[in-house]
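Numbering (my numbering), first residue to last: 1464 to 2102.
What follows is a short report on a single structure.
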């Protein structure tokens, strides 16, 4: 059996995460990972794979160096994660833009050191050297997007990664596309390539593109056969580009629009020629930043048929008076059935029918919203497969709303904290950065008690409070990688939290009791996925790939055994409870350093010389565990 059998086992379970597949221009390749941060097909902030299910640990952290974007210190550019390079030599990287102060010599010397510019940082997901969590991880690439002049350029949006190794950034002034194909697994550590000196294309090339923090999205169009289009929100409207940067000959113009939100692309039916055209919609919500001439208008969300923008339909999304703003600071999101959900700045959450009638299905005002206030929502909804959705407002109240428009639970996470971005979700849980500096994970249900009055409490799964000096406000939407790693970005730091390695049975610990589950995952991966992974929401690649080669196979046995027998923080901190990460007095904070402590080293060289006793079972179970491992080694013909 040996190597061939190990590879076949890995491909059965993790083939979609390991690479390969065609690299056709502009077409989304099923082998490409989800680009995260809301850029999945329905723009609903839900990952197709599970995130960390319990007690995450630090994979790495890095300096962000991000300056305040467009005057809003809480608008943090989003992260995108993708594979780059040819199919046989691909490397997984995190692409993280930011804003930095730069010297501006011409034509305005007075702006020296004050002008903001866009910086692009690319991190190899597995650091080239054994990572020491005491120091920041260095980027593989760090380069500035050359500004067109000294007037400054900023970014507050998430990049879009295409299947042909190009990455598109939407700044406050342009859309800029770079070719990242030079990144390969074989060269990135020993002889890393130079970052691209010039952009592959820029739109527009002569005039400014007005946008604040909208992200580009990708979707199909039957009008332009065989090519996915890039939809961008800005320039007072919605426009479509080919992946080569050419403007398609249709554009939707909107008044009083600051390009604040990301368009949500409706269900695409390229594989069904009989599907109705009126469900192929691109949605845009408007958000005015205080233009007095726009205040008297009726705030609406617009829908355009994505094939040609010929159909323009709209629905009101503000029923109440606003003090300074109209519309919604949140982007539209889509449920799996196509229903569009939009939290609005009038304090209501609206569900809109996915046809050109765009009729309202329901609206709900979560408890705690102050009627008539101008600061209600700046975060888009995260949607679960069952239609439940998570909305959080600017008063730090998070609400779980079911598919019928009923609030199932609400929780105030802290007092008087401005919240932006969005939660990220998988099929069972949602992951919540917080301005108090903690990270929380909640289940898609509530502890419902008819005898209690709302708000009902959420079922909190885990909390993580980063150590100093990384304890800074976290306000941007997190990204979820294919192995369950969560990336959170603040104005100054980037945190990568991974699932607890070697926790194969999902009990939140790694110990002798994980032996049977490890054996099942390696020898019967489909059965493990059905009986354990899908039931408990465990990311198999995340808990298994301890040698960081991107697959789960027999080559992970030895390092998993080392972790179980000798690794640090087998069950997180001894005082760990699901309340970790909740606000505490400063003198108590040292008790809440996170479920994995400061983080695990990626190298087992730092493991203790003797087995940990924090959760070690009896000696008889240890013998049973070692017998299971011996059987696995025989099964895979390992010496």
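Just so you know, even glycine gets a beta-carbon here, dropped at the ideal spot from N, CA and C.
Residue i versus the options, residue with shortest Cα-Cα distance
{"i": "residue 1855", "options": "1847, 1848 and 1864", "result": "1864"}
{"i": "residue 2019", "options": "1981, 1563 and 2000", "result": "1981"}
{"i": "residue 1847", "options": "1819, 1637, 1804 and 1858", "result": "1804"}
{"i": "residue 1644", "options": "1626, 1633, 1652 and 1637", "result": "1626"}
{"i": "residue 1547", "options": "2093, 1647 and 1930", "result": "1647"}
{"i": "residue 1866", "options": "1888, 1902, 1813 and 1659", "result": "1813"}
{"i": "residue 1539", "options": "1909, 1873, 1634 and 1513", "result": "1634"}
{"i": "residue 1659", "options": "1639, 1676, 1697 and 1611", "result": "1639"}
{"i": "residue 1929", "options": "1517, 1521 and 1506", "result": "1521"}
{"i": "residue 1944", "options": "1516, 1506 and 1544", "result": "1544"}
{"i": "residue 1931", "options": "1951, 1922 and 1956", "result": "1956"}
{"i": "residue 1791", "options": "1516, 1935 and 1765", "result": "1765"}
{"i": "residue 1637", "options": "1653, 1662, 2091 and 1584", "result": "1662"}
{"i": "residue 1874", "options": "1922, 1704 and 1550", "result": "1922"}
{"i": "residue 1796", "options": "1518, 2027 and 1851", "result": "1851"}
{"i": "residue 1843", "options": "1798, 1612 and 1817", "result": "1798"}
{"i": "residue 1704", "options": "1677, 1667, 1807 and 1676", "result": "1667"}
{"i": "residue 1827", "options": "1861, 1817 and 1870", "result": "1870"}
{"i": "residue 2006", "options": "1519, 1592, 1549 and 1506", "result": "1519"}
{"i": "residue 1902", "options": "1868, 1953, 1909 and 1908", "result": "1953"}
{"i": "residue 1613", "options": "1564, 1780 and 1900", "result": "1564"}
{"i": "residue 1669", "options": "2091, 1611, 1829 and 1849", "result": "1611"}
{"i": "residue 1665", "options": "1781, 1706, 1649 and 1656", "result": "1706"}
{"i": "residue 1973", "options": "2028, 1949, 2002 and 2011", "result": "2028"}
{"i": "residue 1907", "options": "1615, 1750 and 1849", "result": "1849"}
{"i": "residue 1550", "options": "1631, 1632 and 1649", "result": "1649"}
Counted within 10 angstroms of its Cβ, other Cβ atoms place residue i as buried (16 or more) or exposed
{"i": "residue 1809", "result": "buried"}
{"i": "residue 2009", "result": "buried"}
{"i": "residue 2016", "result": "buried"}
{"i": "residue 1597", "result": "exposed"}
{"i": "residue 1775", "result": "exposed"}
{"i": "residue 2057", "result": "At residue 2057 the pLDDT is 31, less than 50, meaning the model places this residue with poor confidence and gives no usable figure here."}
{"i": "residue 2100", "result": "exposed"}
{"i": "residue 1806", "result": "buried"}
{"i": "residue 2097", "result": "exposed"}
{"i": "residue 1617", "result": "buried"}
{"i": "residue 2094", "result": "exposed"}
{"i": "residue 2048", "result": "In this prediction, residue 2048 has a pLDDT of 34, which is less than 50 and means its spatial position is unreliable; what the coordinates show is noted afterwards. Residue 2048 comes out exposed."}
{"i": "residue 1763", "result": "buried"}
{"i": "residue 1473", "result": "With a pLDDT of only 27 at residue 1473, under the threshold of 50, the placement of this residue in the model should not be trusted, and no figure is reported."}
{"i": "residue 1628", "result": "buried"}
{"i": "residue 1734", "result": "For residue 1734, the predicted model reports a pLDDT of 48, less than 50, meaning its position is unreliable and no value from the coordinates is stated."}
{"i": "residue 1822", "result": "exposed"}
{"i": "residue 1989", "result": "exposed"}
{"i": "residue 1579", "result": "buried"}
Cβ pair residue i, residue j closer than 8 Å
{"i": "residue 1744", "j": "residue 1680", "result": "no"}
{"i": "residue 1560", "j": "residue 1582", "result": "yes"}
{"i": "residue 1524", "j": "residue 1959", "result": "yes"}
{"i": "residue 1673", "j": "residue 1717", "result": "no"}
{"i": "residue 2004", "j": "residue 1966", "result": "no"}
{"i": "residue 1890", "j": "residue 1508", "result": "no"}
{"i": "residue 1777", "j": "residue 1728", "result": "no"}
{"i": "residue 1554", "j": "residue 1651", "result": "yes"}
{"i": "residue 1937", "j": "residue 1896", "result": "yes"}
{"i": "residue 1772", "j": "residue 1714", "result": "yes"}
{"i": "residue 1984", "j": "residue 1991", "result": "yes"}
{"i": "residue 1541", "j": "residue 1620", "result": "yes"}
{"i": "residue 1723", "j": "residue 1695", "result": "no"}
{"i": "residue 1971", "j": "residue 1517", "result": "yes"}
{"i": "residue 1602", "j": "residue 1585", "result": "yes"}
{"i": "residue 1557", "j": "residue 1588", "result": "yes"}
{"i": "residue 1726", "j": "residue 1701", "result": "yes"}
{"i": "residue 1893", "j": "residue 1853", "result": "yes"}
{"i": "residue 1862", "j": "residue 1872", "result": "yes"}
{"i": "residue 1526", "j": "residue 1599", "result": "yes"}
{"i": "residue 2091", "j": "residue 1978", "result": "yes"}
{"i": "residue 1961", "j": "residue 1510", "result": "no"}
Contact belief for residue i with residue j at Cβ below 8 Å, rounded distance in angstroms
{"i": "residue 1968", "j": "residue 2085", "result": "The Cβ separation is near 16 Å, so there is no contact."}
{"i": "residue 1886", "j": "residue 1942", "result": "That pair is no contact at about 12 Å."}
{"i": "residue 1840", "j": "residue 1888", "result": "The Cβ separation is near 17 Å, so there is no contact."}
{"i": "residue 1924", "j": "residue 1905", "result": "6 Å"}
In the region 1953-2014, which residue ranges form an unbroken beta strand (DSSP E) of at least 3 residues, counting only runs that do not cross its ends?
List check, beta strand (DSSP E) in window: 1956-1961.
Which ranges would you report for the beta strand (DSSP E) in the region 1794-1853 if only whole runs of at least 3 residues count?
1803-1806, 1812-1815 and 1823-1827
List, from N- to C-terminal side, the beta strand (DSSP E) runs of 3 residues or more that fit wholly inside the region 1635-1673.
1638-1642 and 1664-1666
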